[in-house]
Amino acid sequence: MTSTTEQSERSGINVARLLMSFGPLMFLALLIVVFTVLKPSFIDPINIFNIMRQISITGLIALGMTFVILTAGIDLSVGSLLAFCGMVAAVVAKGGTANTLSLSTSGAQGFGWFAALLAAVVVGALAGGVQGFAITRLKVPPFVVTLGGLTVFRGLTLTISNGGPISGFDASMRWFGTGLIGPVPVPAIIFAAAAILCHIVLRYTRYGRAVYAVGGNAEAARLSGLRVDRILISVYVIVGFFAGLAAFVLSARLNSSEAVAGIGYELTVISAVVIGGTSLFGGIGSVGGTVVGAALIGVLQNGLQFNNVSSYTQSIVIGLILILAVAFDRWLKSRVRR
Amino acid sequence: MPTAEAIAPSPPLLAVEGVTKRFAGVTALSDVSLEVRPGEILGLLGENGAGKSTLLKILSGVMPPSSGRIVFDGVEFNPHNPQDAKRLGIVTIYQELSLIPTLTVAENIFIGRAPLGRFGLVSWRKMEVDSRAIIARVGLDLDPATPVSALSVAEQQLVEIARALSLKSRLIIMDEPTSALTETEVQKLMSIMGRLRKDGVAIMFVTHRLEEASAICDRMTVLRDGRLAGHLDRDGGPIKLPKIIEKMVGRAASELYARPTLRDVAGDVRLSVRGLRTVRDPQAPHAIVLEGIDLDLKAGEILGVAGLVGSGRTELARAIFGADRIAAGTITLDGKTIAPETPADAIALGIGLVPEDRKHQAIFAALGILTNFSVAALGRYSNALGFMAERRERQALASYRKALSIRMASPEQPIEGLSGGNQQKVILARWLARDPKVLIVDEPTRGVDVGAKAEVHQILVQLAARGIAIMMISSELPEVLAVSDRIVTMRRGRITGEMPGIEATEEKLMELMALDQTQEATQ
Numbered sequence: 000m001t002s003t004t005e006q007s008e009r010s011g012i013n014v015a016r017l018l019m020s021f022g023p024l025m026f027l028a029l030l031i032v033v034f035t036v037l038k039p040s041f042i043d044p045i046n047i048f049n050i051m052r053q054i055s056i057t058g059l060i061a062l063g064m065t066f067v068i069l070t071a072g073i074d075l076s077v078g079s080l081l082a083f084c085g086m087v088a089a090v091v092a093k094g095g096t097a098n099t100l101s102l103s104t105s106g107a108q109g110f111g112w113f114a115a116l117l118a119a120v121v122v123g124a125l126a127g128g129v130q131g132f133a134i135t136r137l138k139v140p141p142f143v144v145t146l147g148g149l150t151v152f153r154g155l156t157l158t159i160s161n162g163g164p165i166s167g168f169d170a171s172m173r174w175f176g177t178g179l180i181g182p183v184p185v186p187a188i189i190f191a192a193a194a195i196l197c198h199i200v201l202r203y204t205r206y207g208r209a210v211y212a213v214g215g216n217a218e219a220a221r222l223s224g225l226r227v228d229r230i231l232i233s234v235y236v237i238v239g240f241f242a243g244l245a246a247f248v249l250s251a252r253l254n255s256s257e258a259v260a261g262i263g264y265e266l267t268v269i270s271a272v273v274i275g276g277t278s279l280f281g282g283i284g285s286v287g288g289t290v291v292g293a294a295l296i297g298v299l300q301n302g303l304q305f306n307n308v309s310s311y312t313q314s315i316v317i318g319l320i321l322i323l324a325v326a327f328d329r330w331l332k333s334r335v336r337r
Numbered sequence: 000m001p002t003a004e005a006i007a008p009s010p011p012l013l014a015v016e017g018v019t020k021r022f023a024g025v026t027a028l029s030d031v032s033l034e035v036r037p038g039e040i041l042g043l044l045g046e047n048g049a050g051k052s053t054l055l056k057i058l059s060g061v062m063p064p065s066s067g068r069i070v071f072d073g074v075e076f077n078p079h080n081p082q083d084a085k086r087l088g089i090v091t092i093y094q095e096l097s098l099i100p101t102l103t104v105a106e107n108i109f110i111g112r113a114p115l116g117r118f119g120l121v122s123w124r125k126m127e128v129d130s131r132a133i134i135a136r137v138g139l140d141l142d143p144a145t146p147v148s149a150l151s152v153a154e155q156q157l158v159e160i161a162r163a164l165s166l167k168s169r170l171i172i173m174d175e176p177t178s179a180l181t182e183t184e185v186q187k188l189m190s191i192m193g194r195l196r197k198d199g200v201a202i203m204f205v206t207h208r209l210e211e212a213s214a215i216c217d218r219m220t221v222l223r224d225g226r227l228a229g230h231l232d233r234d235g236g237p238i239k240l241p242k243i244i245e246k247m248v249g250r251a252a253s254e255l256y257a258r259p260t261l262r263d264v265a266g267d268v269r270l271s272v273r274g275l276r277t278v279r280d281p282q283a284p285h286a287i288v289l290e291g292i293d294l295d296l297k298a299g300e301i302l303g304v305a306g307l308v309g310s311g312r313t314e315l316a317r318a319i320f321g322a323d324r325i326a327a328g329t330i331t332l333d334g335k336t337i338a339p340e341t342p343a344d345a346i347a348l349g350i351g352l353v354p355e356d357r358k359h360q361a362i363f364a365a366l367g368i369l370t371n372f373s374v375a376a377l378g379r380y381s382n383a384l385g386f387m388a389e390r391r392e393r394q395a396l397a398s399y400r401k402a403l404s405i406r407m408a409s410p411e412q413p414i415e416g417l418s419g420g421n422q423q424k425v426i427l428a429r430w431l432a433r434d435p436k437v438l439i440v441d442e443p444t445r446g447v448d449v450g451a452k453a454e455v456h457q458i459l460v461q462l463a464a465r466g467i468a469i470m471m472i473s474s475e476l477p478e479v480l481a482v483s484d485r486i487v488t489m490r491r492g493r494i495t496g497e498m499p500g501i502e503a504t505e506e507k508l509m510e511l512m513a514l515d516q517t518q519e520a521t522q
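First to last, the sequence lines map onto chains A and B.
For the first sequence, numbering that gives the first Met the number 0 assigns the number 0 to the initial residue and increments by one for each residue that follows.
For the second sequence, numbering that gives the first Met the number 0 assigns the number 0 to the initial residue and increments by one for each residue that follows.
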């Protein structure tokens, strides 16, 4: 009935949407410029690759989290799940829980890196599937299910590792964390490949469309014939898979699986996704945004460290940026909706 | 009991004088006047879109009139917000109840004004004693410490009325209070309304249900197309239904709804429903229960389903579509028995549904038109590997855009930026992309502006001509008459009548939609 007023705002909406997709990118560019001016060595390839290595672990999980948040869900368990999958990978890689810190390159031990990788991602995906089942079939909100998961997976990790780390992997496994292809760190390559894959899935496949639709309006999605429950379960499987993959890379990099690994990662991961413009209310967001969000946090952390800002202050800055990003998101929404 | 001496001398408590309300280009209410006197029940009647809700919003302080004057108790009444209206003594009880379910009955009654005891702390004892007395006035006998969520809809309504009384309200406006009640609950509410009338409270009873209005109202004001259609007075006995219907309909078939010529529908029976029955779902206690529905829908036919709010028309659509559970009965499609358990099942069988509540059930507001269009046919616009065939998808959208004249900027434009009519065309295109055998459209032109309504009707007629069996549910009778080849009427979960579209008139349909079966039998 009041269509005329809506139509006239269309141009305003487009500007808002443009900002929504490029706003974080512009902010990232600005940060890089500022840090480079402060200390030109910030832009050295060595440091850039360093940042890429730093963001690859949480970045991988953030890719999966993008799927979850696009459906208006959340997964708080990813940090604990990462520790759990890392521990599973270590046990498989070493064929036991013995803690032998060896940097020797002598022959394969346990079941080898591939079995370890497989175990990590399968366990991660299964754990995500169980949580997805609880969310859709038992109708417990995602926040609660994954909050429970956060505790459960940490407990499981401590149980199998008896509280300590499992360390010492063979060189073929360590390569996934510390190796280089040309000048580029292997974790950064894994992250980039995964990001491209996720982008393709969300942007160009039937499944991707369905994820956006379920997040945009679950009831309309159901009445349009989408199997909403299956899609919801699948996004938790995906984030679990990525937590497993990230766990493998992290263990390989540290040459150790720590029982206390990943504490607080859920916050960094969710921050990256949200700063990247994905709406916590579902339906809006992109993988590109998440990559930018992860890079923004990485650059901020690295740049502040580079300028000898204490890690305490870093926390404050990153927290404030998160709030500002969401406030910005809200503000854009209010403009679009009006 | 209203008598001549009770009505005649008392000056009006509320006088609405020449009130007009305009929205950007649309006049929702034009020069409407009415009066309510203390101790009387005034019925406010009218079809959907007649302007009842606009008038209610003005009276309850939600928005001001564009022009005209309202006098309440001898003083000019200009509420700035609903709180103002309440303080001045006019309380509106809406269909969506405004109680807080997690709080107790007593807490709800005294919300914002809890009685204080010593030290300025809440006196729970006094609150309980007082609320017990207050709810007794509306015939409720329950513990005031009961949480509201444990009450039935009828009981919640009575609590709202009790709260209104405790606020010393002198005019209570009830918006469709009986739509979610059972027969006995309606009787109880009516007797309480009668008691309040005796106490001198004025009640404005807004309803679709003609025989309820007829049974209790002392006078009626009827609106039609935003204008005053007339006032009706009790004359010895209750106001007769035909008189009300005449006032409500009172116009020749509008020029907006040009009647199509009778089409020759020779199609076979596509969809057949026999003995369909549902049971009350504890998750959705307000949903209407369907009882013994028999229905045939032919290929190429538009079957109009006419029914008021609460008649079960939407529930029928949802049951066929697999969105709600069926307790008994069979559905056959092209002679084969089907039992869709989910909408996905029904869609796979070739059934489509354009739901009633576009915003919550059909559109993905923030998503682009392209996804809104293809969401039900993702399989058709993607290859075996699951990749979208975007070029084919865009071409399809472009052709529907042309065929249905959808006015849009680009396929990426969020659908929320479109007008209601264009949104609805996108939803229609969504189903056309699947080539459905049966298309159920529920209130297809709700929230669609007048010009686009005729376009939507035209589209439906064209689809039927292509052989699609269309079931069109609507509470707007001119719309039902404009496009239906055959019409069935529903009331309280049952089908109450059937006639060829060409023979139907608004009067005939209204009678079938509004009458109880018992009354029907005695006539």
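We treat Cβ as the ideally placed atom computed from N, Cα and C, and that holds for glycine.
For residue i, does the three-state DSSP call read helix, strand or coil?
{"i": "Glu8 (chain A)", "result": "Note on Glu8 (chain A): pLDDT 40, under 50, position unreliable in the model; no value is reported."}
{"i": "Arg153 (chain A)", "result": "helix"}
{"i": "Ile325 (chain B)", "result": "coil"}
{"i": "Thr181 (chain B)", "result": "coil"}
{"i": "Arg233 (chain B)", "result": "coil"}
{"i": "Lys452 (chain B)", "result": "helix"}
{"i": "Lys38 (chain A)", "result": "coil"}
{"i": "Gly306 (chain B)", "result": "strand"}
{"i": "Arg379 (chain B)", "result": "coil"}
{"i": "Thr370 (chain B)", "result": "helix"}
{"i": "Gly416 (chain B)", "result": "helix"}
{"i": "Arg390 (chain B)", "result": "helix"}
{"i": "Phe280 (chain A)", "result": "coil"}
{"i": "Thr135 (chain A)", "result": "helix"}
{"i": "Ser2 (chain A)", "result": "Summary for Ser2 (chain A): the model assigns pLDDT 40, below 50, so the residue's position carries little reliability, and this model does not support an answer."}
I'd like the list of long-range same chain contacts for residue i, defined as Cβ closer than 7 Å, with 5 residues on each side in sequence excluded.
{"i": "Glu340 (chain B)", "result": "Gly321"}
{"i": "Gly499 (chain B)", "result": "Sequence check: residue 499 (chain B) is Pro here, not Gly. Within the same chain, Pro499 (chain B) has close Cβ partners Arg485."}
{"i": "Pro44 (chain A)", "result": "Pro182"}
{"i": "Met36 (chain A)", "result": "The amino acid occupying residue 36 (chain A) in the given sequence is Val; Met does not appear at that position. Counting only Cβ-Cβ distances below 7 Å, and skipping sequence neighbours, we find nothing."}
{"i": "Pro11 (chain B)", "result": "Glu34, Val35 and Arg36"}
{"i": "Val91 (chain A)", "result": "Gly109, Phe110, Ala114, Ala115 and Ala118"}
{"i": "Ala294 (chain A)", "result": "Leu27 and Ile54"}
Could you give the first and the last residue of the continuous alpha helix (DSSP H) run that contains residue i?
{"i": "Met247 (chain B)", "result": "Leu240 to Val248"}
{"i": "Glu44 (chain A)", "result": "Residue identity check: residue 44 (chain A) is Pro in the sequence provided, not Glu. Note, Pro44 (chain A): alpha helix (DSSP H), Pro44 to Leu69."}
{"i": "Arg124 (chain B)", "result": "Trp123 to Ala135"}
Apart from the five residues just before and just after residue i, which ones in its own chain have a Cβ nearer than 6 Å to its Cβ?
{"i": "Val440 (chain B)", "result": "Val353 and Met471"}
{"i": "Ser55 (chain A)", "result": "Pro186, Ala187 and Phe190"}
{"i": "Ala245 (chain A)", "result": "Ile56, Leu59, Ile60 and Leu81"}
{"i": "Val197 (chain A)", "result": "Sequence check: residue 197 (chain A) is Cys here, not Val. Only Leu62 and Val286 meet the Cβ criterion."}
{"i": "Ile92 (chain B)", "result": "Glu159 and Met173"}
{"i": "Ala361 (chain B)", "result": "Pro354 and Ile426"}
{"i": "Val139 (chain A)", "result": "Ala133"}
{"i": "Ser79 (chain A)", "result": "Leu149, Phe152 and Arg153"}
{"i": "Val238 (chain A)", "result": "Gly63, Met64, Val67, Asp74 and Gly127"}
{"i": "Pro141 (chain A)", "result": "Gly72, Ile73 and Ile134"}
{"i": "Phe83 (chain A)", "result": "Phe152, Leu155 and Thr156"}
Among the residues of its own chain, which have a CB less than 8 Å from the CB of residue i, if the five just before and after it don't count?
{"i": "Leu255 (chain B)", "result": "For Leu255 (chain B), the pLDDT reaches just 45, beneath the cut-off of 50, and the residue's location in the model is therefore unreliable, although a value from the coordinates is still provided. Here the set comprises Val449, Lys452, Ala453 and Pro477."}
{"i": "Gly266 (chain B)", "result": "Lys297, Ala298, Gly299, Glu300, Gly466 and Ala468"}
{"i": "Pro100 (chain B)", "result": "Pro146, Val147 and Ser148"}
{"i": "Ala251 (chain B)", "result": "Reliability fails at Ala251 (chain B), whose pLDDT of 42 lies under 50, so the model's placement of it is uncertain and the value that follows must be treated cautiously. Closer than 8 Å at the Cβ level, and outside the excluded window around Ala251 (chain B), lies no residue."}
Go to residue i, then tell me how far its beta strand (DSSP E) extends in each direction, as first and last residue.
{"i": "Leu366 (chain B)", "result": "Per DSSP, Leu366 (chain B) belongs to no beta strand (DSSP E) and is neither H nor E."}
{"i": "Gly274 (chain B)", "result": "Val268 to Arg276"}
* Asked: Does the segment 393-412 of chain B touch the segment 320-339 of chain B, meaning 3 or more C-beta pairs lie closer than 8 Å?
  -> no
* **Runs of alpha helix (DSSP H) wholly within the segment 159-205 of chain A (minimum 4 residues, chain order)** => 170-177 and 185-203
* Asked: Which residue spans inside the segment 48-74 of chain B form an unbroken alpha helix (DSSP H) run of at least 4?
  -> 51-58
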